[in-house]
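Q: Residue numbers for the sequence shown, in my numbering: -6 to 243.
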Amino acid sequence: KPLMSTRPRLKAASLGTILTFRLRGRVRRAMWRLEIKRGGACATSRRRSRDANLMGLRNGQPLPRRVGGAKWRNRAPPGGVVVRILVTGGAGFIGSAVCRRLVATSGARVLNYDKLTYAANPASLAEIDANANYTFVQGDICDRLLLDKTLAEFAPDAMMHLAAESHVDRSITGSAEFVRTNIVGTHTILEAALAYWESLKDVGKKVRFRILHVSTDEVFGSLGETDYFRETTPYDPRSPYSASKAASDH
């Protein structure tokens, strides 16, 4: 029967998710089973804890889970192809979470390229520091020579650009570094990536290569108490920080 109010803490990942509860055999311990159907692809995972984690499905398959308190187990993507992702600013608050997530759940090889400025926290990467799929390079995104060398050696399939100077207050008292990092640095990233992309001999890899640029809602200016930012919201930066991020977006 469909699982309704009997387990209110169990939430569906989407409207298309179907949850069913089955008792298997006449055993004393009931076994929960989640049947997740999306676009004709089904995946089944047994519930090992009180709350089922239904978020983060990849190709219809549940992401790896902790087993007996052990570290997350890496799984190679379908077909056995290991994706290589270069993350800039991976020692920051958001960037470190991205690196941990990628290494823990995707089976991808991750290279973290970070300058280690005031905003970096290497301790946040301690749990993946010894992982064979994780590599760290200390570098400035404005350093074109080091970027070219890193791209050539690591040969990423994709880049996630999170490196940036942040905080509105800091930008007001020292805007020059924001212009250098957020605007010039992003431009350097794009030029280095373009040169790398043009050098690729593998047509398939060339077609698949992508760059994800991470911005901030600050580029939209101030928000009222009842409204929301949308993709159609006009840019309205109010500080050197948001102005520099808006420039890097364009």
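Every residue, glycine too, gets a C-beta built ideally from N, C-alpha and C.
Considering only C-alpha positions, which residue in the set Ala239, Tyr221 and Met153 is nearest to Leu183?
A: The candidate whose alpha carbon is nearest that of Leu183 is Met153.
Q: Tell me whether His180 sits in a helix, a strand or coil according to DSSP, three-state version.
A: His180 falls in the helix class under three-state DSSP.
Q: Taking the alpha-carbon positions, what's the Gly214 to Val177 distance?
A: Using only the alpha carbons, I get a separation of about 22 Å.
Q: Among residues of its own chain, excluding the 5 on either side of Leu205, which ones have a beta-carbon nearer than 6 Å to its beta-carbon?
A: Taken in chain order, the residues that qualify are Met153.
Q: Between the region 121 to 130 and the region 163 to 182, do three or more beta carbon pairs fall short of 8 Å?
A: As far as the Cβ criterion goes, the region 121 to 130 does not touch the region 163 to 182, which means the pair count is below three.
Q: As a quick exercise: from Leu109, Ala116, His243 and Glu191, pick the residue whose alpha carbon is nearest that of Glu158.
A: For the residues Leu109, Ala116, His243 and Glu191, the minimum Cα distance to Glu158 belongs to Leu109.
Q: The beta strand (DSSP E) with Thr81 in it runs from where to where?
A: Its beta strand (DSSP E) spans residues Arg77 to Thr81.
Q: Going by other Cβ atoms of all chains shown within 10 Å of its Cβ, with 16 needed for buried, is Gly197 buried or exposed?
A: Exposed: under 16 other Cβ atoms inside 10 Å.
Q: Between Asp107 and Ala113, how many whole angstroms is the CB-CB distance? I'm expecting something under 8 Å.
A: Yes, Asp107 and Ala113 are in contact; Cβ-Cβ is about 6 Å, under 8 Å.
Q: For Val103, which residues does DSSP report across the bridge?
A: Per DSSP, Ile78 and Tyr127.
Q: Between the Cα of Thr166 and the Cα atoms of Val212, Leu95, Val75 and Tyr234, which residue gives the shortest distance?
A: Of the candidates Val212, Leu95, Val75 and Tyr234, the one whose C-alpha sits nearest the C-alpha of Thr166 is Tyr234.
Q: Taking all protein chains shown into account, do 16 or more other C-beta atoms lie within 10 angstroms of the C-beta of Gly85, making it buried, or fewer, making it exposed?
A: Gly85 is buried by the Cβ-count criterion.
Q: If distances are taken between C-alpha atoms only, which option among Pro230, Tyr228, Asp150 and Leu140 comes closest to Ile78?
A: Looking at the Cα atoms, Asp150 is the closest of the given residues.
Q: Quick one: does the C-beta of Val96 sit closer than 6 Å to a heavy atom of the ligand ATP?
A: Annotation note on the ligand ATP: not contained in the displayed structure, which lists no ligands.
Q: Would Ala239 and Pro230 be called neighbours here (beta carbons separated by less than 7 Å)?
A: Yes.
Q: Going straight from the alpha carbon of Leu104 to that of Ala148, what length do you get?
A: Leu104 and Ala148: Cα-Cα distance of roughly 10 Å.
Q: Taking buried to mean at least 16 other C-beta atoms within 10 Å of its own C-beta, is Arg201 buried or exposed?
A: Under this definition Arg201 is an exposed residue.
Q: Tell me whether the beta-carbon of Ala185 lies closer than 7 Å to the beta-carbon of Asp242.
A: No, Cβ-Cβ distance for Ala185 and Asp242 is not below 7 Å.
Q: Specify, as a first and last residue, the run of the beta strand (DSSP E) that Ile204 falls within.
A: Looking at the DSSP string, the run of the beta strand (DSSP E) that includes Ile204 is Arg203 to His206.
Q: Alpha carbon to alpha carbon, what distance is there between Thr98 and Ser89?
A: One C-alpha to the other measures close to 14 Å.
Q: Go ahead and pull the three-state DSSP assignment for Ala97.
A: Reduced to three states, the DSSP call for Ala97 is helix.
Q: Among Ala145, Ala156, Asp136 and Val96, whose alpha-carbon lies nearest the alpha-carbon of Ile87?
A: If we check each option's Cα against that of Ile87, Ala156 comes out closest.
Q: On a Cα-Cα basis, can you pick out the residue from Leu187, Val161 and Val212 that is closest to Lys199?
A: Measuring from the Cα of Lys199, the nearest candidate turns out to be Leu187.
Q: Taking the C-alpha atoms as reference points, what is the distance between Val91 and Leu144?
A: So the alpha carbons of these two residues sit roughly 19 Å apart.
Q: Quick one: what's His243 bridged to in DSSP?
A: Answer is none; His243 lacks a bridge partner.
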